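Q:
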Amino acid sequence: MDKITIHAMAKINLGLDVLRRRENGYHDVKMIMQTVDLYDRLSFQKKKKPGISLSTDHEMVPCDESNLVYKAAALMAEKYDIKEGIHITLEKHIPIAAGMAGGSTDAAAAFVGINRLFDLKAETEDLKKLAVTIGADVPYCIEGGTALSEGIGEILSPLPAPPFCYLVIAKPGISVSTAYVYGNLHVETLEHHPDIDGMTEAIQNGDLEKMCSLMENVLERVTKAKYPVIGDLESILQEKGAIKSMMSGSGPTVFGIFNEKEKAEAALEAMKETGYCEQCVLTTFAKEAQVVVEEMEDNN
Ligand code: ATP
Numbered sequence: 000m001d002k003i004t005i006h007a008m009a010k011i012n013l014g015l016d017v018l019r020r021r022e023n024g025y026h027d028v029k030m031i032m033q034t035v036d037l038y039d040r041l042s043f044q045k046k047k048k049p050g051i052s053l054s055t056d057h058e059m060v061p062c063d064e065s066n067l068v069y070k071a072a073a074l075m076a077e078k079y080d081i082k083e084g085i086h087i088t089l090e091k092h093i094p095i096a097a098g099m100a101g102g103s104t105d106a107a108a109a110f111v112g113i114n115r116l117f118d119l120k121a122e123t124e125d126l127k128k129l130a131v132t133i134g135a136d137v138p139y140c141i142e143g144g145t146a147l148s149e150g151i152g153e154i155l156s157p158l159p160a161p162p163f164c165y166l167v168i169a170k171p172g173i174s175v176s177t178a179y180v181y182g183n184l185h186v187e188t189l190e191h192h193p194d195i196d197g198m199t200e201a202i203q204n205g206d207l208e209k210m211c212s213l214m215e216n217v218l219e220r221v222t223k224a225k226y227p228v229i230g231d232l233e234s235i236l237q238e239k240g241a242i243k244s245m246m247s248g249s250g251p252t253v254f255g256i257f258n259e260k261e262k263a264e265a266a267l268e269a270m271k272e273t274g275y276c277e278q279c280v281l282t283t284f285a286k287e288a289q290v291v292v293e294e295m296e297d298n299n
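If you read the sequence shown in numbering that gives the first Met the number 0, its first letter stands for residue 0, the second for the next number, and so on.
(1) Along the chain, where does the beta strand (DSSP E) that runs through residue 39 open and close?
(2) Please list the segments of the alpha helix (DSSP H) lying wholly inside the segment 212-285, counting only runs of 4 or more residues, in order along the chain.
(3) Where does residue 106 fall in DSSP's three states?
(4) If residue 41 sits next to residue 105, beta carbons under 8 Å apart, how far is it from one beta carbon to the other, in whole angstroms?
(5) So residue 133 is in the alpha helix (DSSP H); what residue range does that whole segment cover?
(6) Any idea what DSSP makes of residue 82, helix, strand or coil?
(7) Hey, would you say residue 285 sits closer than 8 Å to residue 28, going by beta carbons?
(8) So what does DSSP say about residue 171, is it helix, strand or coil?
(9) Could you round the C-beta distance between residue 90 and residue 46 to whole angstroms and report it? I think they count as a contact, below 8 Å.
(10) Mind checking whether the beta-carbon of residue 132 lies closer than 7 Å to any heavy atom of the ligand ATP?
(11) Label residue 223 either buried or exposed according to how many other C-beta atoms from any shown protein chain fall within 10 Å of its C-beta, with 16 as the threshold for buried.
(12) From residue 269 to residue 259, what does the alpha carbon distance come to, in whole angstroms?
(13) Select from 85, 50 and 109 the residue whose C-alpha is nearest the C-alpha of residue 67.
(14) Please tell me whether residue 31 and residue 126 are closer than 8 Å, where the distance is taken between their beta carbons.
(15) Can you check which of these residues, 103, 188 and 207, is closest to residue 164 by C-alpha distance?
(16) CA-CA distance, residue 229 and residue 128?
(17) How would you call residue 33, buried or exposed, if buried means at least 16 neighbouring beta carbons within 10 angstroms?
(18) Do the segment 237-251 and the segment 168-180 touch if we need at least three Cβ pairs shorter than 8 Å?
(19) For my contact list, residue 15 and residue 217 are in at a C-beta cut-off of 8 Å; report their separation, rounded to the angstrom.
(20) Examine the ligand ATP and report whether any of its heavy atoms sits within less than 7 Å of the Cβ of residue 97.
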């Protein structure tokens, strides 16, 4: 094979708790992760000339070794002694710095795509071990689907997919620094923690209403206090009939869960009409984090 093209899906957090801060600054988390049908499109192409090159259509995304896809490709090339070059093209659709793991899912696509392109036959577990050196969410982004995520995010327990529902995802036009949000959480002073065990049980029982009633993101208190627009958008989603609206990750993206398409469509329009949103989509949960959309064979 000469070239592979992959859709790399975004994630949302259906639940997010932070348990403690480690000495090294990392946080122990307990989260419910969910892949959503919103993706970046990446192509990985073999080149005769050694080295990695990257081009992207988004001016905010770096093309050098600071890009997580580049880092993942470089790690794969080193670990599996790949002699040929790799050219990567990255078409961004996932909102950037939004709490949707855009960079992490792109990196995950690089691990999976390069494994397949060069027929390396690496096991998923081996890819996940390499992946965690790039970011705590990258192993989850390799697995995808619905999962309980613990440790710093790398200890994963798969869960069944929640019942089908519609999602309205809205990214307000503000940028939120993940470091700022965690830095201002003061986890030791939290008097209340989300019931992630209860959520896990609700998901295992296929009980969407119960899951929604327990959904909570402990980081909201920090991000919402600084950016009240997040709370405003959540209220509009709720008024439009969302079973639940919440912020994803460290924000600022908010999403609403709907069991009727008409309500979700009306909520999407309402989000657009606020004029606060940079990006709004109506989508659903997805099962796979990577979807291979094209494989091109060598011409010779
Ligand atoms: P998370 O949900 O994991 O916290 P995020 O959605 O908050 O992720 P990203 O979109 O992954 O944040 O990227 C944050 C920053 O990382 C960007 O501002 C960008 O400079 C840099 N970056 C590196 N690689 C990528 C990539 N492949 N796509 C987007 N941003 C990237």
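C-beta: ideal position from N, C-alpha, C; glycine also. Just so we're clear, the structure is a prediction, and the values are computed from it rather than from any experiment.
A: On the basis of the supplied data:
(1) 26-46
(2) 219-225, 228-238 and 260-273
(3) helix
(4) 6 Å
(5) Per DSSP, residue 133 belongs to no alpha helix (DSSP H) and is neither H nor E.
(6) coil
(7) no
(8) strand
(9) About 19 Å; that fails the 8 Å criterion.
(10) no
(11) buried
(12) 16 Å
(13) 109
(14) no
(15) 207
(16) 35 Å
(17) buried
(18) yes
(19) 6 Å
(20) yes
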